[in-house]
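Engineer: Quick one: structure below, then a few questions.
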Amino acid sequence: MRFDGLIFDFDGVLLESEYAGNRQIAAYLTSRGHPTTPEESMAQFMGLAGHDFLAAIERWIGRAIPDDFHVERHAEDRRALAEGLDPVAGAVAFVLALPPSLPRAIASSSSTEWIERHLEHLGIREAFGDMIFSGREHVERGKPAPDLYLHAAQAIGVDIRRAAIIEDSPVGATGAVASGGHVIGFVGGSHCGPDHADRLRAIGVHDIATSFDEVAALLSRSA
Numbered sequence: 223m224r225f226d227g228l229i230f231d232f233d234g235v236l237l238e239s240e241y242a243g244n245r246q247i248a249a250y251l252t253s254r255g256h257p258t259t260p261e262e263s264m265a266q267f268m269g270l271a272g273h274d275f276l277a278a279i280e281r282w283i284g285r286a287i288p289d290d291f292h293v294e295r296h297a298e299d300r301r302a303l304a305e306g307l308d309p310v311a312g313a314v315a316f317v318l319a320l321p322p323s324l325p326r327a328i329a330s331s332s333s334t335e336w337i338e339r340h341l342e343h344l345g346i347r348e349a350f351g352d353m354i355f356s357g358r359e360h361v362e363r364g365k366p367a368p369d370l371y372l373h374a375a376q377a378i379g380v381d382i383r384r385a386a387i388i389e390d391s392p393v394g395a396t397g398a399v400a401s402g403g404h405v406i407g408f409v410g411g412s413h414c415g416p417d418h419a420d421r422l423r424a425i426g427v428h429d430i431a432t433s434f435d436e437v438a439a440l441l442s443r444s445a
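Residue 223 is where the sequence shown starts when you use my numbering, and the numbers rise one by one after that.
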């Protein structure tokens with residue numbers, strides 16, 4: 223390995239949740255009189271959480287969040303937690319093949335409940351131990367601030383400059399680059415369109431990977 227530690231984003235990197243979630247948001251907004259495609263939803267909201275996420279929706283629709291938005295989102299989240307979602311292609315095999323001694327963590331905007339439950343569905347919960355961190359719970363400033371990555375690197379005992387970060391969203395990549403880590407812009411999820419790599423390159427990611435095979439090659443000492 224070229225790096226001393228590895229930090230993963232979660233949604234869109236390990237879990238195929240970005241397209242599913244934005245498809246639900248788009249369908250909801252369209253049903254409330256604000257025509258939105260899943261692609262538009264991803265472009266406007268992907269990677270955001272909490273107040274930033276809600277503010278982005280309000281800017282998009284030009285009004286306050288409809289009263290039943292949170293009810294609909296909660297119902298969809300509970301369904302996904304109960305039933306599970308698909309892994310990103312190659313993600314499970316990649317995680318299971320990591321050297322056991324390699325420090326690794328998840329740094330996500332999602333809640334720890336969401337992350338842990340889906341890791342259980344995917345069969346890789348034990349691969350991360352206690353190193354699961356949420357921008358909602360572990361830092362005051364979530365993505366796109368760099369704080370969550372710095373927190374994760376400190377927790378796994380790795381200098382952020384010696385850590386590789388795998389990120390798929392522009393919001394997440396912005397914080398990852400600002401943290402000082404080596405950022406791999408991952409475009410292997412089903413939500414990544416033809417221009418996604420260019421958007422990440424514009425932010426300043428160090429590498430682009432279209433699959434986990436490419437991630438593995440980038441992490442190797444010979445890369």
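For glycine and all other residues, C-beta sits at the position ideal for the given N, C-alpha and C. As the structure is a prediction and not an experimental result, all values here were calculated from the model.
Rounded C-beta distance between Arg358 and Ser333? I'm assuming under 8 Å.
Structural biologist: Sequence index remark: in the sequence shown, residue 358 carries index 136 (1-based). Sequence index remark: in the sequence shown, residue 333 carries index 111 (1-based). Correct: roughly 6 Å between the Cβ atoms.
Engineer: What is the DSSP secondary structure of Asp233, reduced to helix, strand or coil?
Structural biologist: Indexing the sequence shown from 1 puts residue 233 at position 11. If DSSP states are grouped into helix, strand and coil, Asp233 belongs with the strands.
Engineer: Within the same chain, show all residues whose beta-carbon is closer than 6 Å to that of Ser331, passing over the 5 residues directly before and after it, in chain order.
Structural biologist: Locating residue 331 in the sequence shown gives position 109, counting from the first residue. These residues qualify, in order along the chain: Ala271, Gly357, Gly364, Lys365.
Engineer: Suppose the cutoff is 6 Å on Cβ atoms and the five residues either side in sequence are ignored; what does the same chain contact list for Ile354 look like?
Structural biologist: Numbered from its first residue, the sequence shown carries residue 354 at position 132. Cβ within range, chain order: Ile328, Thr334, Ile337.
Engineer: Report the three-state DSSP secondary structure of Leu228 (helix, strand or coil).
Structural biologist: Along the sequence shown, one-based indexing puts residue 228 at 6. Note: Leu228 maps to strand in three-state DSSP.
Engineer: Could you tell me which of Cys414, Asp429, Gly411, Leu251 sits nearest to Ala278, measuring between CA atoms?
Structural biologist: Counting from one through the sequence shown, the residue named residue 278 turns up at place 56. The shortest Cα separation from Ala278 among Cys414, Asp429, Gly411, Leu251 belongs to Leu251.
Engineer: What do you reckon, are the CB atoms on Glu262 and Ala248 nearer than 8 Å?
Structural biologist: Numbered from its first residue, the sequence shown carries residue 262 at position 40. Numbered from its first residue, the sequence shown carries residue 248 at position 26. Yes, Cβ-Cβ distance for Glu262 and Ala248 is below 8 Å.
Engineer: Are there 16 or more other CB atoms within 10 angstroms of the CB of Ser412, so buried, or fewer, so exposed?
Structural biologist: Within the sequence shown, the letter at position 190 stands for residue 412. Exposed, since its Cβ has fewer than 16 Cβ neighbours within 10 Å.
Engineer: Inspect the CB distances between the region 339-347 and the region 252-260 and report whether three or more fall short of 8 Å.
Structural biologist: Cβ pair count under 8 Å is below three, so no.
Engineer: Can you give the Cα-Cα distance for Phe225 and Ala395, rounded to whole angstroms?
Structural biologist: The residue labelled residue 225 in the question sits at position 3 within the sequence shown. The residue labelled residue 395 in the question sits at position 173 within the sequence shown. The straight-line gap from Cα to Cα measures roughly 18 Å.
Engineer: Would you tell me roughly how many angstroms separate the C-alpha atoms of Gly269 and Phe275, rounded to the nearest one?
Structural biologist: Here residue 269 corresponds to residue number 47 of the sequence shown, with the count starting at 1. Here residue 275 corresponds to residue number 53 of the sequence shown, with the count starting at 1. C-alpha separation (whole angstroms): 8 Å.
Engineer: Report the option in Ala377, Phe434, Gln246 whose CA atom is closest to the CA atom of Glu298.
Structural biologist: Here residue 298 corresponds to residue number 76 of the sequence shown, with the count starting at 1. Selected option, being the one with the closest Cα: Gln246.
Engineer: Does the Cβ-Cβ distance between Gly468 and Arg326 come in under 8 Å?
Structural biologist: The question about residue 468 has no answer, for the chain in this structure spans 223 to 445.
Engineer: In its own chain, which residues sit with a C-beta less than 7 Å from the C-beta of Asp233, not counting the 5 before and 5 after it?
Structural biologist: Locating residue 233 in the sequence shown gives position 11, where the first residue counts as 1. Only Ser239, Glu240, Ser330, Ser332 meet the Cβ criterion.
Engineer: Apart from the five residues on each side of it in sequence, which residues of its chain come closer than 6 Å, Cβ to Cβ, to Gly426?
Structural biologist: Within the sequence shown, numbered from 1, the residue matching residue 426 stands at position 204. Only Val399 meet the Cβ criterion.
Engineer: In this structure, does DSSP put Val361 in helix, strand or coil?
Structural biologist: The residue you call residue 361 lines up with position 139 of the sequence shown. Coil at Val361, not helix or strand.
Engineer: How is Pro309 classed by DSSP in three states: helix, strand or coil?
Structural biologist: Here residue 309 corresponds to residue number 87 of the sequence shown, with the count starting at 1. Strand.
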